[in-house]
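Notes for the one structure printed next.
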Amino acid sequence: MEKRPLNKTYEMSLLLGYFIFSILLNSLGNALTVSLNLGSALWTAAAVNVSHALTIQLGLILFVEGILVILLNLILVGRISFKRIIGNLLFMVSFSYLIGEISEKLIFLGIDNLNLPLRVLLDCVGIVLISTAISIYQRVNLIMHPCDDLMQILRFKFFKGNPSIAQLVSFIPPIIAIIFAMVITGKIYAINIGTLFALFFQGALVGVADRTVFPTLKHHNLEV
1 MEKRPLNKTY EMSLLLGYFI FSILLNSLGN ALTVSLNLGS ALWTAAAVNV
51 SHALTIQLGL ILFVEGILVI LLNLILVGRI SFKRIIGNLL FMVSFSYLIG
101 EISEKLIFLG IDNLNLPLRV LLDCVGIVLI STAISIYQRV NLIMHPCDDL
151 MQILRFKFFK GNPSIAQLVS FIPPIIAIIF AMVITGKIYA INIGTLFALF
201 FQGALVGVAD RTVFPTLKHH NLEV
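Written out as structure tokens, the structure reads:
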């Protein structure tokens, strides 16, 4: 029997459902890593270190970091896309709010008082959840965080769809920022087991999720 194409309205509703699920999953994963205090994700860790080096509020550094990545993305795709810019900004604002809310609730429940082995395990679970969420909303491709947008651009424009290499290359700017801040302060902040786990495994985990989590969901509307 010939397969009929999905109704456009139904398809958009389905994509929106995937997207909402991925945002909640990513927020939970990030909230886990934040509340457990076992190392921030690399972009966040870079912002923390630069904040200490320049004595500027972390929130402002995170916002400027996002704007700079948006500009880098536009340079890499070679054109100005207001849809991309607005989508990145909307994602940044709503995403930060959700992480803050969920983190507070997890801390209230006492997750940071668990024994160290269990905290390490949950921190790695948080990175797995983040990677799975990135895989889902990159495939849906409605809006995404500028850092994940950067990884997607690198992945399909320069690395033939390889998520592991693209993720590592996308981590070069925050690594440089961390080194720069460390030279100034002589100290390093927000780096721990979770940061290292993300550095070495996040890209590979995105690739695994592509194949195993909602495997019928393919990448939509790639503009790279």
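Counting in full-length UniProt numbering, the sequence shown runs from 1 upward without gaps.
All C-beta atoms in this analysis are idealised placements derived from N, C-alpha and C, irrespective of residue type, glycine included.
Keep in mind the model is a prediction, meaning the values are calculated, not measured.
Give me the residue from the options with the minimum Cα distance to residue i.
{"i": "residue 126", "options": "35, 208 and 12", "result": "35"}
{"i": "residue 30", "options": "200, 207 and 100", "result": "100"}
{"i": "residue 103", "options": "22, 72 and 123", "result": "123"}
{"i": "residue 41", "options": "221, 179, 222 and 175", "result": "175"}
{"i": "residue 171", "options": "147, 92, 128 and 135", "result": "147"}
{"i": "residue 197", "options": "70, 121 and 21", "result": "121"}
{"i": "residue 203", "options": "184, 152, 185 and 16", "result": "152"}
{"i": "residue 232", "options": "180, 208 and 221", "result": "No answer is possible for residue 232: it lies beyond the span of the chain, which begins at 1 and ends at 224."}
{"i": "residue 132", "options": "109, 154, 82 and 163", "result": "163"}
{"i": "residue 105", "options": "184, 217, 17 and 32", "result": "32"}
{"i": "residue 66", "options": "173, 187 and 109", "result": "173"}
Since I believe residue j is in contact with residue i (beta carbons under 8 angstroms), could you give me their beta-carbon distance rounded to a whole number of angstroms?
{"i": "residue 19", "j": "residue 140", "result": "5 angstroms"}
{"i": "residue 157", "j": "residue 76", "result": "7 angstroms"}
{"i": "residue 143", "j": "residue 90", "result": "6 angstroms"}
{"i": "residue 150", "j": "residue 73", "result": "5 angstroms"}
{"i": "residue 193", "j": "residue 39", "result": "6 angstroms"}
{"i": "residue 145", "j": "residue 92", "result": "6 angstroms"}
In angstroms, rounded to a whole number, what distance separates the CA positions of residue i and residue j?
{"i": "residue 111", "j": "residue 119", "result": "8 angstroms"}
{"i": "residue 191", "j": "residue 25", "result": "23 angstroms"}
{"i": "residue 137", "j": "residue 54", "result": "34 angstroms"}
{"i": "residue 189", "j": "residue 49", "result": "6 angstroms"}
{"i": "residue 206", "j": "residue 9", "result": "28 angstroms"}
{"i": "residue 168", "j": "residue 130", "result": "16 angstroms"}
{"i": "residue 58", "j": "residue 52", "result": "8 angstroms"}
{"i": "residue 3", "j": "residue 12", "result": "Because residue 3 sits at a pLDDT of 47, beneath the cut-off of 50, its placement in the model cannot be relied upon, and the following sentence gives the value as read from the coordinates. Distance between the alpha carbons of residue 3 and residue 12: 18 angstroms."}
{"i": "residue 27", "j": "residue 95", "result": "7 angstroms"}
{"i": "residue 37", "j": "residue 45", "result": "11 angstroms"}
{"i": "residue 128", "j": "residue 78", "result": "32 angstroms"}
{"i": "residue 107", "j": "residue 113", "result": "9 angstroms"}
{"i": "residue 185", "j": "residue 209", "result": "38 angstroms"}
{"i": "residue 1", "j": "residue 217", "result": "Note that residue 1 scores a pLDDT of 41, beneath 50, so its modelled location is shaky and nothing firm can be said."}
{"i": "residue 68", "j": "residue 116", "result": "36 angstroms"}
{"i": "residue 154", "j": "residue 223", "result": "11 angstroms"}
{"i": "residue 250", "j": "residue 80", "result": "The first residue shown for the chain is 1 and the last is 224, placing residue 250 beyond what the model contains."}
{"i": "residue 201", "j": "residue 60", "result": "29 angstroms"}
{"i": "residue 165", "j": "residue 199", "result": "11 angstroms"}
{"i": "residue 71", "j": "residue 14", "result": "30 angstroms"}
{"i": "residue 16", "j": "residue 135", "result": "15 angstroms"}
{"i": "residue 109", "j": "residue 23", "result": "22 angstroms"}
{"i": "residue 56", "j": "residue 43", "result": "16 angstroms"}
{"i": "residue 21", "j": "residue 187", "result": "38 angstroms"}
May I ask whether a heavy atom of the ligand SAM can be found less than 7 angstroms away from the beta carbon of residue i?
{"i": "residue 223", "result": "In terms of ligand content, the structure shown is empty, and the ligand SAM therefore cannot be addressed."}
Contact between the region 206-218 and the region 77-95 is defined here as three or more beta-carbon pairs at a separation below 8 angstroms; is this criterion met?
Contact fails: fewer than three Cβ-Cβ distances are below 8 angstroms.
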